[in-house]
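Counting with mature numbering (1 follows the signal peptide of the UniProt record, and there is no 0), you get residues -24 to -1, 1 to 597 for the letters of the sequence shown.
Just so it is clear, CB atoms sit at the ideal spot from N, CA and C, and this is done for glycine as well.
All of these numbers come straight from a predicted model, not from anything done at the bench.
Here is the structure we will look at.
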Amino acid sequence: MKMNPLFIFSIILFFGAVSLSTIAEPIEDKQALLDFLHGIHRSHSLNWSNSSSVCNEWTGVTCNRDHSRIIVLRLPGVGIQGQIPPNTLGRLSAIQILSLRSNGLSGSFPSDFVRLGNLTGLYLQFNSFSGSLPSDFSMWKNLTVLDLSNNAFNGSIPPSISNLTHLTSLNLSNNSLSGVIPDISNPSLQSLNLANNDLNGRVPQSLLRFPRWAFSGNNLSSENVLPPALPLEPPSPQPSRKTKKLSESAILGIVLGGCVLGFAVIALLMICCYSKKGREDILPTKSQKKEGALKKKASERQDKNNRLVFFEGCSLAFDLEDLLRASAEVLGKGTFGTTYKAALEDANTVVVKRLKEMSVVKKDFEQQMEVIGSIRHPNISALRAYYFSKDEKLTVCDYYEQGSVSAMLHGKRGEGRIPLDWETRLKIVIGAARGIAYVHTQNGGKLVHGNIKASNIFLNSEGYGCISDVGLATLMSSMPPPVMRAAGYRAPEVTDTRKATHASDVYSFGVLLLELLTGKSPTHATGGDEVVHLVRWVHSVVREEWTAEVFDVELLRYPNIEEEMVEMLQIGMNCVTRMPEQRPKMLDVVRMVEEVRQGSSGNPPSSETNLETAVSNQTPP
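Spelled out as structure tokens, the structure:
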């Protein structure tokens, strides 16, 4: 059959266009990044090479649709150090988002950044930059987020910063900036932090709408710096009047009952005891509403010696009073306590865990918090702050909008549900494995997670698993085995929560992996009232050679993943071997799961999937 020449020509043009789109490369931008890579010192390797695709394979790089330009470069915490080589990143004239935060970069503000006129977000926080800020910010007319905090910048804040008419967030905190604060009359500015500098003078009228902590740690004039409603120092707690009224009512009742003498004795004992120690309750034991204020009990006062302790690198700024005023929502109640979502007045949202079943002394608690709080890793939820008193122990962590893996996997099954696809489950497994492996390297190899379960796993900004509640198990009081093992994640040899081991963490991770593969909870009902342990159920199904029956029906819609699922199933079964010494080490588990990912993607692993990076990288994404 003779084909129309015009039709054949159209086909050729079509496939030619497709072929060009797949091989298109921003040659000049790629060379600029290679020059940057070769001119900068780095402690970790990057998978950037001239022979690979910058748009499809390079870590941290995003191109535009036609792959003609690089528009995003994100390299947070990748171990790059020293001064940025001139005439490298400044050649990326189309770049919109540039993030180099949490590295060891030094020197002055890169002068050739003035050529990056399309920037919308610039993140250079937590480095060692010094010198003055650029005198003219006018070239970044599209900039919406500027974060230069936690560096060593000095000099004044240039008035030209007010020319950034699209700016919504400005963070210059924890530098050595001096002089007066310029009048930034920008109505689009929603977030401001100038704390902990050497600024003086008054706060401009245009900025009085921001909270007092945004200006704390400076040498600002106390006269008309902030409106009366926002004092520079937090109000000292006042004794509650409610207690007094309640006591008077009680006295009146007892007087009317003829028990004046008995009440006087009881009241005297209460006063003596109360004078020795104050008790403070930060979070409500029961919430009458799902949302409510975190109010302190009326009969309790704040102990001045017990304050929130923040860890280095935390950009949050609030105190106990802010927590008391925060709107709170109960997220869940677990083995270790109740978890709250707290919405602060500065629009930040954090997770506050109120620990229970804990009889540890303050010194031991603080030592463990220091170990946990020093951990910075992309797959570990950072501990931002903690609080200790005799009656309350609190931890403060980041809030993850998507919720836990448990909620994603088991919540709202049925019609209209959006299931977790195979790619997402793979990334959850890989991220969780990396995080646990890194935990096992901390504190001289002595740190153990001790409470690995789906409700303690979240997704980081890259969609990988991120573990929380690290290291709390060793602080808990011993619980009876029936209670402790109810969730089904505990290794059979663990009879005391305080004596978890690396091997028992591997077992718990194996249960999590089986949970993601099967879609079933660690303990679940299979018709009737019988409760089945997931590990035993998987073993029984596989033993009967019905392996295909193991997998979650929601995964059956995805083609060509059977081999990877079987490989993951084998890894999970190796992890839940009954004998602890027969389980693989967590580092080996990381290698195994990443090999499955490498095989499923058909691409070589990037530095993000490199084991060395997974273990040594200490900065969150």
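Item: 7 Å CB neighbourhood of Arg554 in its chain, flanking five on each side removed; Value: Pro468
Item: Cβ neighbours of Phe485 in the same chain (closer than 8 Å, five flanking residues each side left out); Value: Ala408, Ala409, Ile412, Ile428, Cys551, Met562 and Val565
Item: Beta-carbon spacing of Asn162, Leu143 below 7 Å; Value: yes
Item: Whether Gly464 touches Thr499 by CB criterion (7 Å); Value: yes
Item: Inter-residue spacing [alpha-carbon to alpha-carbon] between Gly58 and Ile16; Value: 7 Å
Item: Three-way DSSP call (helix, strand, coil) for Thr314 in this model; Value: strand
Item: Top-ranked residue by Cα proximity to Val487, from Ile73, Val514 and Gly66; Value: Val514
Item: Beta-carbon proximity check, Phe364 vs Lys332, cutoff 7 Å; Value: no
Item: Simplified DSSP assignment, three categories, for Ile351; Value: coil
Item: Top-ranked residue by Cα proximity to Tyr414, from Thr450, Val470, Ala430 and Val482; Value: Val482
Item: Other residues of its chain near Trp116: CB distance less than 6 Å, five sequence neighbours each side excluded; Value: Leu95
Item: Limits of the beta strand (DSSP E) - the one that Ala476 falls within; Value: Run containing Ala476: none; DSSP gives neither H nor E here.
Item: Identity of the residues DSSP links to Thr38 by a beta bridge; Value: Val48
Item: Three-state secondary structure assigned by DSSP to Thr450; Value: helix
Item: Exposure label - Asp298; buried when at least 16 CB within 10 Å; Value: buried
Item: Exposed unless 16 or more other CB atoms sit within 10 angstroms - verdict on Pro135; Value: exposed
Item: Supposed close pair Leu175, Leu146 - CB separation, criterion 8 Å; Value: Not really, about 13 Å apart at Cβ, beyond 8 Å.
Item: Segment contact, 8 Å Cβ cut-off, at least three pairs: the region 433 to 448 with the region 377 to 384; Value: yes
Item: Cys551 - DSSP class collapsed to helix/strand/coil; Value: helix
Item: Rounded distance between the beta-carbons of Leu492 and Leu320, thought under 8 Å; Value: Not really, about 33 Å apart at Cβ, beyond 8 Å.
Item: Pairwise C-alpha distance: Thr35 and Val336; Value: 43 Å
Item: Under 7 Å between C-beta atoms of Ser192 and Gly155; Value: no
Item: Those residues which DSSP pairs with Ile443 across a bridge; Value: Ile356 and Ile433
Item: According to DSSP, residues forming a beta bridge with Gln57; Value: His17 and Gly80
Item: Classification of Pro62 by the beta-carbon crowding that lies within 10 angstroms, buried from 16 upward; Value: exposed
Item: Terminal residues of the beta strand (DSSP E) in which Arg330 lies; Value: Thr325 to Leu331
Item: Contact the region 469 to 478 vs the region 534 to 552: 3+ CB pairs below 8 Å; Value: no
Item: When Leu98, Cys442 and Glu438 are compared against Asp374, the one with the closest alpha-carbon; Value: Cys442
Item: Rounded C-alpha distance that separates Gly55 from Val347; Value: 21 Å
Item: Under 7 Å between C-beta atoms of Gly387 and Phe287; Value: no
Item: Assigned secondary structure, Val179 (DSSP; H/G/I helix, E/B strand, else coil); Value: coil
Item: Coarse secondary structure for Gly426, derived from DSSP in three states; Value: coil
Item: Helix, strand or coil at Glu3 [DSSP, three-state]; Value: It should be pointed out that residue 3 corresponds to Ile in this sequence rather than to Glu. Note: Ile3 maps to helix in three-state DSSP.
Item: Nonlocal neighbours in the same chain, by C-beta distance under 6 Å from Val90, ignoring five residues either side; Value: Met115
Item: Lys496 to Val508 span [Cα, whole Å]; Value: 10 Å
Item: Beta-carbon proximity list for Leu74, same chain, < 6 Å, skipping 5 on both sides; Value: Leu49 and Leu98
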